[in-house]
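As structure tokens, the structure follows; a few thoughts come after it.
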């Protein structure tokens, strides 16, 4: 159910289980985690997208209903969290290319991604409480992105929001017509790979730490010094000075 393809500097990971609205079961979450790990070794950027008019409907409810005990549910929850927090820790940027409905775990994938582009008729929802569950990643992380009241509205009511609202709230970065999704994602990819990969990785890593204390300030200063002294930074600086002011073309 996971298809993988390479387009220039990005690995595209497509959820392809259209008959189940790209809902994920235990093996699906594991396969997605593995695909992301492989992408971090092979490419500068990872892109997650869906099939047809669905991004991802989250967990497979029929599989959840068939689970016989707490151990089965715990195994599924563990894999889900491994994917979502793994996206945060992945050294390369992850872009969600939201081609349609993104519910439950699918909405959380969007939230976990570093950047997100959605088609104009995409919808987003966290309906877990309606089946007696709750969205773990969203409850822990989404308030930082959209604010507490908005994250609680999604988590407590289960009601969907449209792409325009998701953009206004800060859940996604861009809204595009259906035919423009790939081009919008490519624009982000092109912008990312123009920078040295080490500086992109540092920017992503330190963005997770929030407001630094004094110890973090020293650590960040040290990381900045090492990055600035690197050959990649020197090459990019020379390219910026000698070229048109856009920086390194190679991004090495």
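In the working numbering, the protein residues as written are 9 to 260. Each residue gets a CB set at the ideal place from its N, CA and C atoms; glycine is no exception.
Check: Under the rule that 16 or more other beta-carbon atoms within 10 Å means buried, what is residue 21, buried or exposed?
Finding: By 1-based counting over the chain shown, the position of residue 21 is 13. Classification for residue 21: buried.
Check: Which two residues bound the contiguous alpha helix (DSSP H) that contains residue 100?
Finding: Locating residue 100 in the chain shown gives position 92, where the first residue counts as 1. It is not in any alpha helix (DSSP H) - residue 100 carries neither H nor E in the DSSP assignment.
Note to self: Looking at the secondary structure, which residues open and close the beta strand (DSSP E) in which residue 18 lies?
What the structure shows: Numbered from 1 along the chain shown, position 10 holds the residue referred to as residue 18. Where residue 18 is concerned, the enclosing beta strand (DSSP E) stretches over 18–23.
Check: When you compare only the Cα positions, how much space is there between residue 149 and residue 27?
Finding: Numbered from its first residue, the chain shown carries residue 149 at position 141. Numbered from its first residue, the chain shown carries residue 27 at position 19. Those two C-alpha atoms are separated by around 30 Å.
Item checked: Straight-line Cα distance separating residue 89 from residue 146 -> For the purposes of this step, residue 146 is identified with residue 138 of the chain shown, where counting begins at 1. For the purposes of this step, residue 89 is identified with residue 81 of the chain shown, where counting begins at 1. Computed Cα separation, rounded: 11 Å.
Item checked: residue 182 versus 77, 103, 34 and 24, residue with shortest Cα-Cα distance -> Here residue 182 corresponds to residue number 174 of the chain shown, with the count starting at 1. Of the listed residues, the one whose Cα sits closest to residue 182 is 103.
Notebook entry, point to check: Is the segment 156–175 in contact with the segment 73–87, if contact means three or more CB pairs nearer than 8 Å?
Noted result: no
Notebook entry, point to check: Which first and last residues belong to the beta strand (DSSP E) in which residue 13 is found?
Noted result: Along the chain shown, read from residue 1 onward, the residue named residue 13 stands at position 5. Unbroken beta strand (DSSP E) run through residue 13: 10–15.
Item checked: Opening and closing residue of the beta strand (DSSP E) in which residue 53 lies -> Position 45 of the chain shown, counted from the first residue, corresponds to residue 53. Residues 53–57.
Notebook entry, point to check: Are the segment 54–66 and the segment 105–122 in contact at 8 Å, needing three or more beta carbon pairs?
Noted result: yes
Checklist line | residue 169, DSSP secondary structure in three states | finding: Locating residue 169 in the chain shown gives position 161, counting from the first residue. Residue 169: strand per DSSP, three-state reduction.
Notebook entry, point to check: Under 9 Å between the Cβ atoms of residue 115 and residue 195?
Noted result: In the chain shown, the residue the question calls residue 115 occupies position 107. In the chain shown, the residue the question calls residue 195 occupies position 187. Cβ distance not < 9 Å, so residue 115 and residue 195 don't count as in contact.
Note to self: So the candidates are 113, 129, 170 and 101; which of them puts its Cα closest to the Cα of residue 209?
What the structure shows: For the purposes of this step, residue 209 is taken as the residue at position 201 of the chain shown. Selected option, being the one with the closest Cα: 101.
Next item on the list: If I'm right that residue 40 touches residue 32 with Cβ under 8 Å, what's the distance once you round it to whole angstroms?
Entry: Start at 1 with the first residue of the chain shown, and residue 40 comes out as number 32. Start at 1 with the first residue of the chain shown, and residue 32 comes out as number 24. Indeed they touch by this definition, with Cβ atoms about 7 Å apart.
Next item on the list: Go ahead and pull the three-state DSSP assignment for residue 28.
Entry: By 1-based counting over the chain shown, the position of residue 28 is 20. Residue state, collapsed to three classes: helix.
Check: By Cβ distance below 7 Å, which residues in the same chain neighbour residue 140 in space, the five residues on each side in sequence not counted?
Finding: The residue given as residue 140 occupies position 132 in the chain shown. So no residue of the chain qualifies.
Margin query: Counting beta carbon pairs with one atom in the segment 186–202 and one in the segment 117–135, are three or more of them shorter than 8 Å?
Written below: yes
Check: At which residues does the alpha helix (DSSP H) containing residue 44 begin and terminate?
Finding: As a working mapping, residue 44 is identified with position 36 in the chain shown. Element bounds for residue 44: 34–50.
Next item on the list: Return the bridge partner residues of residue 89 from the DSSP annotation.
Entry: The sequence position of residue 89 within the chain shown is 81, counting from 1. Residue 89 is not bridged to any residue.
Notebook entry, point to check: In this structure, what does DSSP give as the bridge partners for residue 8?
Noted result: Because the chain here runs from 9 to 260, residue 8 falls outside it and cannot be looked at.
Notebook entry, point to check: What span of residues does the alpha helix (DSSP H) with residue 215 cover, start to end?
Noted result: Locating residue 215 in the chain shown gives position 207, counting from the first residue. Start and end: 205–215.
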